[in-house]
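The next block holds one structure in the form of structure tokens; read it before the comments.
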Amino acid sequence: MQRPAEPVGKNLLQLGLQPYGPPRLPASPAPQDRSASQLSQNLSSLTLRPQVVPRGTPSALLPGGGRLADGPWAPPAPAMHPAMLQEPLQDVLLEPPRLVITEQPKQRGMRFRYQCEGRSAGSILGECSTDTNKTLPTIELQNFTGISEVKVTACLVWKDWPHRIHPHSLVGKDCHNGLCEVTLKPRVNPKHSFNNLGIQCVKKKDIEESIEKKLQLGIDPFKAGSLKNHQEVDMNVVRICFQASYQDSMGKTQNLKPVLSEPIFDKKSTNTSELKIYRMNKEYGSCTGGEELYLLCDKVQKEDISIIFRKDAWESKADFSQADVHRQIAIVFKTPPYQHLDIVEPVVVEVYLRRLTDSVSSEAFNFIYLPKDNGKIGREGVAVSRVKPLPFPFPSPDPHGIGAKRKKKKLGYLDHFEFPNLSAGWSVATAGWIKGMPPTWGWRACDNSPFP
1 MQRPAEPVGK NLLQLGLQPY GPPRLPASPA PQDRSASQLS QNLSSLTLRP
51 QVVPRGTPSA LLPGGGRLAD GPWAPPAPAM HPAMLQEPLQ DVLLEPPRLV
101 ITEQPKQRGM RFRYQCEGRS AGSILGECST DTNKTLPTIE LQNFTGISEV
151 KVTACLVWKD WPHRIHPHSL VGKDCHNGLC EVTLKPRVNP KHSFNNLGIQ
201 CVKKKDIEES IEKKLQLGID PFKAGSLKNH QEVDMNVVRI CFQASYQDSM
251 GKTQNLKPVL SEPIFDKKST NTSELKIYRM NKEYGSCTGG EELYLLCDKV
301 QKEDISIIFR KDAWESKADF SQADVHRQIA IVFKTPPYQH LDIVEPVVVE
351 VYLRRLTDSV SSEAFNFIYL PKDNGKIGRE GVAVSRVKPL PFPFPSPDPH
401 GIGAKRKKKK LGYLDHFEFP NLSAGWSVAT AGWIKGMPPT WGWRACDNSP
451 FP
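Taking full-length UniProt numbering, the leading residue of the sequence shown gets 1, the next gets one more, and so forth.
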């Protein structure tokens with residue numbers, strides 16, 4: 001007699017495994033007639049679904065995590081909607097907040113003032129500022145979701161790395177102890193413009209004291225410390241460093257990365273000041289060059305300045321020496337020859353100043369190169385020779401009227417007096433007598449005083 005096959009479930013229990021599917025009741029006398037092929041088919045139909053579960057969820061709440069050893073498998077939990085994961089993953093998916101400078105301060109044209117010059121130290125303008133439209137340095141906080149208030153602190157640091165604290169101070173609105181502190185509410189307005197913000201400089205003997213005072217207040221954005229030799233500080237250039245801090249949802253203070261502005265140069269320093277040409281005595285000359293001209297300008301260093309003539313890709317320097325720079329405000333020079341000496345029409349080029357150390361240039365003045373066989377120029381701007389008429393009004397030989405002022409006749413002594421109309425019989429005598437007066441009155445010629 002053949003022995004019946006043992007149930008498969010019994011073999012699994014002997015191996016320490018739980019049978020797949022719902023448990024069998026102990027009172028059920030029906031034998032298990034599953035074959036190995038049926039079991040493999042059931043196992044192959046088993047599928048695993050990945051599920052996104054929030055971090056920190058207890059194992060008892062996981063699908064099947066709290067199932068008893070002999071209990072049924074719990075049904076798979078439905079997939080969580082993306083909206084349910086938005087809040088826990090919000091801090092991870094959003095970019096961190098950052099502070100940016102939307103308008104840089106104007107680099108040149110600002111004069112650093114000493115404390116003895118008064119309470120006001122001017123105002124730093126924005127780089128887009130013009131004579132008709134004044135703008136201001138502006139910062140903006142980006143990615144400020146969930147931040148209600150931000151504290152922004154501005155201070156002055158060195159131009160170059162490691163950006164140590166600078167002895168100069170910021171003065172003006174919202175400023176104290178050399179700092180400017182403002183509170184920014186990004187939900188209302190994420191931008192802030194610094195109005196009436198000036199730079200107050202210190203004397204060389206007060207450099208060390210000023211730096212130590214700021215370090216004691218904790219002003220050191222780049223943790224650079226101080227130097228024993230403070231003479232290395234460049235007193236003519238600074239940068240503005242902006243620092244922002246806020247409190248997160250846990251109440252902890254978070255500091256943003258410091259942001260540096262472009263360098264700001266002192267106007268009164270001839271090494272870094274803005275270059276500007278005010279006047280030239282002549283605005284035209286021969287294309288062969290060699291004509292002596294002079295120009296008036298802001299203060300320049302005689303060993304650090306050049307005069308450039310430029311037209312498209314062509315460029316040439318004027319000829320002058322350091323002795324031709326007078327009182328730092330006037331330069332006498334000779335024009336360079338134009339690139340083409342066979343021109344038949346006037347050519348307009350640009351003339352400007354250029355500093356040799358930093359290659360900073362001034363605004364350009366127009367200069368006209370005339371053909372070498374030009375001859376004389378008439379009043380209408382037409383050459384006497386075969387040169388074509390100028391396509392634009394020709395500048396006057398004396399555009400500022402200097403020659404006319406020199407030719408003006410000086411007034412005499414009697415020219416300062418007002419006399420009656422000569423047609424009424426009054427006239428001035430050449431010998432000092434006034435005709436038409438009563439015969440008892442006259443004028444002494446010796447001391448120019450009236451006598452009876």
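Positions of the beta carbon are idealized from the N, C-alpha and C atoms, including for glycine.
Predicted, not measured: the structure shown is a model, and the values here were computed from it.
Determine, using beta carbons only, whether A154 and F242 come nearer to each other than 8 Å.
Against the sequence shown, residue 154 aligns to sequence position 154. Against the sequence shown, residue 242 aligns to sequence position 242. Yes. Within cutoff.
Taking just the CA atoms, how far does L295 sit from D160?
As a first step, residue 160 is located in the sequence shown; it is residue number 160 there, counting from the start. As a first step, residue 295 is located in the sequence shown; it is residue number 295 there, counting from the start. Approximately 35 Å between the Cα atoms of the pair.
Could you give the residue range of the beta strand (DSSP E) that holds Q322?
Indexing the sequence shown from 1 puts residue 322 at position 322. Element bounds for Q322: n/a, residue is neither H nor E.
Would you check if there are 3 or more beta carbon pairs closer than 8 Å linking the stretch 307-314 to the stretch 350-358?
yes
Of the residues P167, R98 and P337, which one's Cα is nearest the Cα of Y284?
Looking up residue 284 in the sequence shown gives position 284. Comparing Cα-Cα distances from Y284 to each of P167, R98 and P337, the minimum goes to P337.
Under 8 Å between C-beta atoms of N236 and N271
As a working mapping, residue 236 is identified with position 236 in the sequence shown. As a working mapping, residue 271 is identified with position 271 in the sequence shown. For N236 and N271, yes; Cβs fall inside 8 Å.
Could you pull the start and end residues of the beta strand (DSSP E) that R141 belongs to?
Against the sequence shown, residue 141 aligns to sequence position 141. According to the sequence as given, residue 141 is Leu; it is not Arg. Taken as a continuous stretch (DSSP letters only), the beta strand (DSSP E) holding L141 covers T138 to Q142.
Rounded to whole angstroms, what's the CA-CA distance from S261 to R239? Just pull it up for me.
Mapped onto the sequence shown, residue 261 falls at position 261. Mapped onto the sequence shown, residue 239 falls at position 239. In a straight line, the C-alpha of S261 is about 6 Å away from that of R239.
What residue from R327, I211 and I329 has the CA that sits closest to V157's CA?
Mapped onto the sequence shown, residue 157 falls at position 157. Of the listed residues, the one whose Cα sits closest to V157 is I211.
Buried or exposed for Y278, please, with buried defined as at least 16 other CB atoms from any protein chain shown within 10 angstroms of its CB.
Numbered from 1 along the sequence shown, position 278 holds the residue referred to as residue 278. With fewer than 16 Cβ atoms within 10 Å of its Cβ, Y278 is classed as exposed.
Taking a contact to mean a Cβ-Cβ separation below 8 Å, would you say G172 touches K214 in this structure?
Here residue 172 refers to the residue found at position 172 when the sequence shown is read from its first residue. Here residue 214 refers to the residue found at position 214 when the sequence shown is read from its first residue. Going by C-beta atoms, G172 is not nearer than 8 Å to K214.
At which residues does the beta strand (DSSP E) containing L227 begin and terminate?
Position 227 of the sequence shown, counting from 1, holds the residue named residue 227. From DSSP, L227 is part of no beta strand (DSSP E); its letter is neither H nor E.
May I ask which residues mark the beginning and end of the alpha helix (DSSP H) holding E291?
Position 291 of the sequence shown holds residue 291. Note, E291: premise wrong, no alpha helix (DSSP H); not H, not E.
I need the DSSP call for Q216, collapsed to helix, strand or coil.
If you number the sequence shown from 1, residue 216 lands on position 216. Looking at Q216 - three-state DSSP - the assignment turns out to be helix.
Which of helix, strand or coil does DSSP assign to L170?
Start at 1 with the first residue of the sequence shown, and residue 170 comes out as number 170. L170 falls in the strand class under three-state DSSP.
For D174 and chain C, any beta-carbon pair shorter than 8 Å?
Looking at the structure shown, chain C is missing, and only one protein chain is on hand.
Would DSSP call D206 helix, strand or coil?
As a working note, residue 206 is residue 206 in the sequence shown. Helix at D206.
In whole angstroms, what separates the C-alpha of N196 from that of S123?
The residue given as residue 196 occupies position 196 in the sequence shown. The residue given as residue 123 occupies position 123 in the sequence shown. Taking the straight line from one Cα to the other gives about 5 Å.
Short of 7 Å in beta carbon distance, which residues of its chain neighbour Q322, apart from the five on each side in sequence? Order them along the chain.
Here residue 322 refers to the residue found at position 322 of the sequence shown. Cβ neighbours of Q322 beyond the five flanking positions: K302 and E303.
Nearest CA to the CA of I147: which residue from E363, L99, L125 and D342?
As a position in the sequence shown, residue 147 is number 147, starting the count at 1. For I147, the nearest C-alpha among the options comes from L99.
Indicate whether V150 and L125 have their beta-carbon atoms separated by less than 8 Å.
Along the sequence shown, read from residue 1 onward, the residue named residue 150 stands at position 150. Along the sequence shown, read from residue 1 onward, the residue named residue 125 stands at position 125. No, Cβ-Cβ distance for V150 and L125 is not below 8 Å.
Could you have a look at L414 and say whether DSSP puts it in helix, strand or coil?
Within the sequence shown, residue 414 is the residue found at index 414, counting from 1. The answer is helix: DSSP assigns L414 an H, G or I state.
Going by the DSSP bridge assignment, what does C155 pair with across the sheet?
The residue you call residue 155 lines up with position 155 of the sequence shown. DSSP output for C155 lists C241 as bridge partner(s).
Contact check, L275 vs V332, beta carbons under 8 Å
Numbered from its first residue, the sequence shown carries residue 275 at position 275. Numbered from its first residue, the sequence shown carries residue 332 at position 332. No, Cβ-Cβ distance for L275 and V332 is not below 8 Å.
For P162 and D220, what's the separation of their Cα atoms in angstroms?
What you label residue 162 is simply residue 162 of the sequence shown in a count that begins at 1. What you label residue 220 is simply residue 220 of the sequence shown in a count that begins at 1. The alpha-carbon atoms of P162 and D220 are separated by roughly 11 Å.
Cutting at 8 Å between CB atoms, please list the residues of its own chain near T253, excluding the five before and the five after it.
Counted from its first residue, the sequence shown places residue 253 at position 253. Excluding residues within five positions, the ones whose Cβ falls inside 8 Å are S245, Y246 and Q247.
Output needed for S273: all residues of its chain with C-beta closer than 6 Å, excluding positions within five of it in sequence on either side, in chain order.
Here residue 273 is taken as the residue at index 273 of the sequence shown, counted from 1. These residues qualify, in order along the chain: K267.
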